[in-house]
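Right, one structure below, let's go through it.
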Amino acid sequence: MFDPISKLVLGLLTGIIFGFLLQKGRAAKFHVIIGQFLLKDWTVVKIMATAVAVGTIGVYALVSMGAATLHIKPALLGGVLLGGLLFGTGLAFFGYCPGTSVAASGEGRRDAMVGVVGMLFGAGMYVALYPALQPIIKGLADWGKITLPQATNLSPWVWIVGVVTVITTGLYTLERLRAGRQSA
Amino acid sequence: MNPLTMKSWSPYVVGALIGVLSWFAFATADKPLGITTAFEYTAALTERAVAPQSARTNEYYSDPERTPKIDWEWMLVVGVFIGAFLSSKLSKDRTSQSVPPLWRWRFGDSTAKRFAGAFLGGALMMFGARLAGGCTSGHGISGALQLAVSSWIFVLLFFASGVATAFLIYGKEGANRV
Chain A
1 MFDPISKLVL
11 GLLTGIIFGF
21 LLQKGRAAKF
31 HVIIGQFLLK
41 DWTVVKIMAT
51 AVAVGTIGVY
61 ALVSMGAATL
71 HIKPALLGGV
81 LLGGLLFGTG
91 LAFFGYCPGT
101 SVAASGEGRR
111 DAMVGVVGML
121 FGAGMYVALY
131 PALQPIIKGL
141 ADWGKITLPQ
151 ATNLSPWVWI
161 VGVVTVITTG
171 LYTLERLRAG
181 RQSA
Chain B
185 MNPLTMKSWS
195 PYVVGALIGV
205 LSWFAFATAD
215 KPLGITTAFE
225 YTAALTERAV
235 APQSARTNEY
245 YSDPERTPKI
255 DWEWMLVVGV
265 FIGAFLSSKL
275 SKDRTSQSVP
285 PLWRWRFGDS
295 TAKRFAGAFL
305 GGALMMFGAR
315 LAGGCTSGHG
325 ISGALQLAVS
335 SWIFVLLFFA
345 SGVATAFLIY
355 GKEGANRV
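Residue numbers (the working numbering), protein chains in the order written: chain A, 1 to 184; chain B, 185 to 362.
Pasting the structure below:
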């Protein structure tokens, strides 16, 4: 029922930092998240892409030193495709994603608190319908717990250099375009 | 100025620090940052407590990959609430808003309508996250940085469906109001 207390404290501490950062990044705000999906406010993409670029280097370094292991979610196509579609749709109505809705509740937002209760309801539906959902989740291909380097038979570092380059170039271009539009 | 009392930080600073935080999570707990598994476990523990009969026949509870408990990630979610509370307190960036302005422009003043939209949107979003095995954090940040195939598919797809839905709801006129 419970993890050891040291692990619980560690999780709490990590979460406090995570929530602090989400709030400081303005990601706990309805208009910032909906602004991203309306392609007007690029804050969320900037945060996520930078986190991925920085994170991938360190996490793969830890893995290659044997200090951590990868935790890859299986590519069960039925579940990932249907889940991705429903997730984006629900998110656009709600205006917060799961992590930022908890942060938005911490910021005091009432609609986010109601949505968090809705999220518990959605999780409950998933557990209750779990047996019936299996054919949908596993209905299409199951590629297993596979990474892009494994799927392409390349060293992870080729992909890391590629991803970091694409993200850096993309964000740089985004800033240039926005600066151009503002001065025009 | 004291950064802790500032209302916002550069998204690049925040993103880089979240990246470093995921190193920390992997190094100290061998865990990726994620949110929605804790919601699933909370729901599963509740359902088993309220309806033990139907839980006994639900194969969910015999799946070895699913061990509902109060764990590292559960506490992480509690921490996110506390961290955002502290940050908004320190910067006096708090609000008790129920109906965001853009929503009001589209759907009117009704708090009940906004709460219904938030509840149903949140439920649908979580249902989708559990079907796919993760959310913006678990797939979008942690899965993408681990270069997982499932996560990159999920991210591209939810971004596309989020953009399509947002434009269906708010349209171009809504976009100009952001």
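Each residue gets a CB set at the ideal place from its N, CA and C atoms; glycine is no exception.
Computed from a predicted model, the values in this text were never measured in an experiment.
Residue i at chain B interface by Cβ criterion, 8 Å
{"i": "Thr-56(A)", "result": "yes"}
{"i": "Leu-154(A)", "result": "no"}
{"i": "Ser-105(A)", "result": "yes"}
{"i": "Leu-8(A)", "result": "yes"}
{"i": "Ile-5(A)", "result": "no"}
{"i": "Gly-122(A)", "result": "yes"}
{"i": "Asp-111(A)", "result": "yes"}
{"i": "Trp-157(A)", "result": "no"}
{"i": "Leu-140(A)", "result": "no"}
{"i": "Tyr-126(A)", "result": "yes"}
{"i": "Ser-101(A)", "result": "yes"}
{"i": "Pro-149(A)", "result": "yes"}
Beta-carbon proximity check, residue i vs residue j, cutoff 8 Å
{"i": "Ser-271(B)", "j": "Phe-18(A)", "result": "no"}
{"i": "Gly-88(A)", "j": "Gly-346(B)", "result": "yes"}
{"i": "Glu-243(B)", "j": "Pro-74(A)", "result": "no"}
{"i": "Trp-207(B)", "j": "Leu-62(A)", "result": "yes"}
{"i": "Val-127(A)", "j": "Glu-224(B)", "result": "yes"}
{"i": "Lys-46(A)", "j": "Leu-171(A)", "result": "yes"}
{"i": "Ser-105(A)", "j": "Gly-306(B)", "result": "no"}
{"i": "Ser-294(B)", "j": "Gly-318(B)", "result": "no"}
{"i": "Pro-98(A)", "j": "Ser-321(B)", "result": "yes"}
{"i": "Arg-314(B)", "j": "Thr-251(B)", "result": "no"}
{"i": "Leu-146(A)", "j": "Val-333(B)", "result": "The sequence shown places Ile at residue 146(A), not Leu. In contact: Ile-146(A) and Val-333(B) (Cβ atoms closer than 8 Å)."}
{"i": "Val-164(A)", "j": "Ala-316(B)", "result": "no"}
{"i": "Ala-68(A)", "j": "Ile-325(B)", "result": "no"}
{"i": "Met-259(B)", "j": "Leu-8(A)", "result": "yes"}
{"i": "Leu-10(A)", "j": "Ala-222(B)", "result": "no"}
{"i": "Trp-287(B)", "j": "Arg-278(B)", "result": "no"}
{"i": "Ala-239(B)", "j": "Glu-231(B)", "result": "yes"}
{"i": "Gly-267(B)", "j": "Ile-16(A)", "result": "yes"}
{"i": "Ala-350(B)", "j": "Phe-37(A)", "result": "yes"}
{"i": "Phe-303(B)", "j": "Gly-78(A)", "result": "no"}
{"i": "Val-198(B)", "j": "Asp-41(A)", "result": "no"}
{"i": "Lys-191(B)", "j": "Ser-275(B)", "result": "yes"}
{"i": "Leu-148(A)", "j": "Trp-159(A)", "result": "yes"}
{"i": "Thr-43(A)", "j": "Pro-187(B)", "result": "no"}
Residue burial classification, residue i (beta-carbon count within 10 angstroms, cutoff 16)
{"i": "Val-242(A)", "result": "Given a span of 1 to 184 for chain A in the structure shown, any question on residue 242(A) remains unanswerable."}
{"i": "Ala-209(B)", "result": "buried"}
{"i": "Val-166(A)", "result": "exposed"}
{"i": "Val-59(A)", "result": "buried"}
{"i": "Leu-133(A)", "result": "buried"}
{"i": "Trp-157(A)", "result": "exposed"}
{"i": "Lys-215(B)", "result": "buried"}
{"i": "Gly-292(B)", "result": "exposed"}
{"i": "Arg-26(A)", "result": "buried"}
{"i": "Phe-2(A)", "result": "exposed"}
{"i": "Met-65(A)", "result": "exposed"}
{"i": "Leu-331(B)", "result": "buried"}
{"i": "Leu-76(A)", "result": "buried"}
{"i": "Thr-226(B)", "result": "buried"}
{"i": "Ala-228(B)", "result": "buried"}
{"i": "Ala-141(A)", "result": "exposed"}
{"i": "Trp-289(B)", "result": "exposed"}
Neighbour flag for residue i against chain A, beta carbons, 8 Å
{"i": "Ala-296(B)", "result": "no"}
{"i": "Asp-293(B)", "result": "no"}
{"i": "Arg-278(B)", "result": "yes"}
{"i": "Ala-211(B)", "result": "yes"}
{"i": "Met-259(B)", "result": "yes"}
{"i": "Phe-240(B)", "result": "Strictly speaking, residue 240(B) in this sequence is Arg, with Phe absent from that position. Taking Cβ atoms only, chain A never reaches closer than 8 Å to Arg-240(B), which makes this a no."}
{"i": "Trp-336(B)", "result": "yes"}
{"i": "Arg-314(B)", "result": "yes"}
{"i": "Trp-256(B)", "result": "yes"}
{"i": "Thr-189(B)", "result": "no"}
{"i": "Glu-357(B)", "result": "no"}
{"i": "Met-310(B)", "result": "yes"}
{"i": "Ser-246(B)", "result": "no"}
{"i": "Ala-233(B)", "result": "no"}
Those residues which DSSP pairs with residue i across a bridge
{"i": "Leu-76(A)", "result": "Asp-142(A)"}
{"i": "Phe-2(A)", "result": "Ile-254(B)"}
{"i": "Ala-332(B)", "result": "Thr-147(A)"}
Whether or not the segment 76-95 of chain A and the segment 229-245 of chain B are in contact is what I'm after, with contact meaning three or more pairs of Cβ atoms, one per stretch, closer than 8 Å; do they touch? no
Touching by the beta-carbon criterion (3+ pairs, under 8 Å), the segment 198-215 of chain B and the segment 51-60 of chain A: yes
Counting pairs of Cβ atoms below 8 Å between the segment 170-181 of chain A and the segment 255-266 of chain B, do you hit three or more? Taking 8 Å as the limit for Cβ pairs, the verdict is that the segment 255-266 of chain B does not touch the segment 170-181 of chain A.
Count Cβ pairs between the segment 107-114 of chain A and the segment 31-44 of chain A that sit closer than 8 Å; are there 3 or more? no
Any contact of the segment 340-357 of chain B with the segment 90-100 of chain A, i.e. 3+ C-beta pairs under 8 Å? yes
Can you confirm whether the segment 113-126 of chain A touches the segment 302-310 of chain B when touching is taken to mean that 3 or more C-beta pairs between the two stretches lie within less than 8 Å? yes
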